[in-house]
Structure formats: C-alpha cells, structure tokens
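Here's the structure we're looking at; comments come further down.
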Amino acid sequence: MSDKKPSPTDILSVGDVAARTGVAVSALHFYERQGLIASVRTAGGQRRYARHVLRRVSVIQVAKRMGIPLAEVAEVFEDLPADRMPGKTDWRRISERWRGKLEARRKEIERMESELVECIGCGCVSLRSCRVLNPDDALGSSGSGPRLLPEFPSE
Ligand code: FES
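Quick note on the UniProt record's numbering: the sequence shown kicks off at 1 and runs consecutively.
If you want it as structure tokens, here you go:
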C-alpha cells in the first residue's frame, strides 16, 4: 500500500465522475449499489470517489457495449485490487476472458443461424421435427417409435 496521501484532485465528486466518464449520476449510483464501484462519504454525507474509479467505470462501459452482464463485471472486479487503478495486465486478463465469451456467443449465433436456415421455406414449426424447437432431438438418439409411454405398476 502506498504512503502517498491523496491530493484533492485524487478525490472526485459524483458530478466529477459523471462529467469525466459521460455516465449519468443515476447510473453511477446504480453501479455503487451493485458493488462495482465504491465511495466514501464526506461529513456532509456526499459521495467521494478515488480517481481509479474512473477506470472501473470505463471497464463497465466496455462491458456494456460488448453485452457482458454486470454480474460478469462484478466477477472480474473481485480479482482487482480495491485501492488502485486497474493496470494493463489487469485489462489484458479481463479482455481475454471477455473475448472468450464473445467467441462462444458468436459460435452459438452461427449454430442458431444454421438451424434457422433449415426452417426457411418450411413452416412446419413442429415440436417434434423442427431443429430450432427441438435442437437436441431429445428422443431421436434412442431410435424410432414411441418412448413416452407411462410406466405400469408391476403386479
Ligand atoms: S419450421 Fe420446419 S424445420 Fe423448422
């Protein structure tokens, strides 16, 4: 931990953070309620933020743009030190993790698109045979014929 005392310019009001990040004050309050950013209170009850909160808010905005849920952001923030700006190494780790998420999402969208292409011009929308409605062909792997007959009690 640093012995350096914070200068007044290291401590920001919620208005300062909003002005520097372009994020609405209400959103900052929401992020704080979600535990993504933290503040201290002045004697008068006003919020004050450490300068490194600006970087956290930026990371939240990147996540928002990428469609990464706030719960995911909270998970990566758990691994960040609370008392300093996330650095290049932190960001590399976070962005690699999110790149993996985007890649998985891209593959899922491609798979869904492929299934949907088979539906074009069909129109059956059959619970039994449409790959979109029954993507895993729930009973197909166990052969043909009925398999959902009720069990009868043994005598
Ligand atoms: S609508 Fe017929 S296969 Fe999907």
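For glycine and all other residues, C-beta sits at the position ideal for the given N, C-alpha and C.
Grab me the residues of residue i's own chain with a C-beta within less than 7 Å of its C-beta, minus the 5 sequence neighbours each way, in chain order.
i, result
"D90", "L80"
"V132", "E115, L116, C119"
"V17", "L28, Y49, V53, L54, V57"
Whole angstroms is fine: what's the gap from residue i's alpha carbon to residue j's?
i, j, result
"V59", "C122", "44 Å"
"residue 191", "R55", "No statement about residue 191 is possible, as the shown extent of the chain runs from 1 to 155 and does not include it."
"G15", "P135", "50 Å"
"I11", "R51", "6 Å"
Say the cut is 6 Å; is the CB of residue i nearer than that to a heavy atom of the ligand FES?
i, result
"V125", "yes"
"V117", "no"
With burial defined as no fewer than 16 other Cβ atoms inside 10 Å of the residue's Cβ, what is the status of residue i: buried or exposed?
i, result
"L28", "buried"
"R33", "exposed"
"R105", "exposed"
"S114", "exposed"
"P86", "buried"
What span of residues does the alpha helix (DSSP H) with residue i cover, start to end?
i, result
"R33", "25 to 33"
"L36", "From DSSP, L36 is part of no alpha helix (DSSP H); its letter is neither H nor E."
"R93", "88 to 119"
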